[in-house]
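Residues in the sequence shown are numbered consecutively from 1, following full-length UniProt numbering.
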Amino acid sequence: MSGVLLADRYMSPMTESDLDEVATVERLAYEFPWSRGNFEDSLRNGYFGICMRHVTGTLIGYCVLMPVVDEMHLLNLCVAPPAQHAGAGLALLREAVRITHAEKLDGLLLEVRPSNHRAIRLYERFGFASIGRRKNYYPARHRGREDAIVMRFTFVKEGANGAA
Ligand SMILES: CC(C)(COP(=O)(O)OP(=O)(O)OC[C@H]1O[C@@H](n2cnc3c(N)ncnc32)[C@H](O)[C@@H]1OP(=O)(O)O)[C@@H](O)C(=O)NCCC(=O)NCCS
């Protein structure tokens, strides 16, 4: 086992060997899932992929992060349905922020469906703020489209407390 051990679960970088399981969880968790190829492309492009597993090896969740200039973009954050509501989403978000900070980037951006109340609550509780909206960004039922809310987590710069 390689990675950071957290009580009964651990995180490790996503690799090609994770992708069958990742794609299976993705299909269970999303109505409009990424394909396995989307994950392959992300790894090929050098994006950061993180998997969280139970010590037994079961995949709990994952996230994919893409650095763009001075910001990180959270492209995917997902927890397997049976493992939801136990803090895994929060733990993955913390790891995403830790990596963003370690890469010396200014902030972490993401898009979320306005209908995804659970995810929005998680992001707001963490400290993400809504900074805009992309019209008709996501596919939706009946060949419709759904907007995206754009949210950003900004690091507080040391010494930026208003003191001259
Ligand atoms: C959104 C998502 C990532 C959240 O993951 P999660 O692991 O359920 O998140 P957490 O457990 O950290 O928090 C979710 C809820 O569980 C609660 N919770 C956390 N630990 C808990 C515990 N030990 N016992 C009971 N409840 C707990 C949290 O308070 C939170 O409650 P709320 O929804 O009422 O605010 C997950 O629902 C998911 O993967 N959804 C499908 C994919 C998706 O929509 N991804 C986001 C795309 S933008």
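Glycine included, C-beta positions come from ideal geometry on N, C-alpha and C.
Treat the numbers as computed from the prediction; the structure is a model and nothing was measured.
Nearest neighbour of Glu21 by Cα position, chosen from Leu59, Arg143, His73, turns out to be Leu59. In the structure shown, Asp70 falls within a coil segment according to DSSP collapsed to helix, strand and coil. In the three-state reduction of the DSSP assignment, Thr58 falls in the coil class.
Assignment of beta-bridge partners to Ala129 by DSSP yields Arg152. If you draw a straight line from the Cα of Leu108 to the Cα of Arg143, it comes to about 30 Å.
Cβ atoms of Ala148 and Tyr137 come within 8 Å of each other, at about 4 Å. The C-alpha of Leu28 is placed about 33 Å away from the C-alpha of Val69. Distances from the CB of Asn116 to the heavy atoms of ligand 1 include at least one below 7 Å.
In this structure, the beta-carbon distance from Glu26 to Pro33 falls below 8 Å. Ser12 carries a strand assignment under DSSP once its states are collapsed to helix, strand and coil. Between Gly61 and Ala83, the C-beta spacing is below 8 Å. Relative to ligand 1, even the nearest heavy atom lies 7 Å or more away from the CB of Val69.
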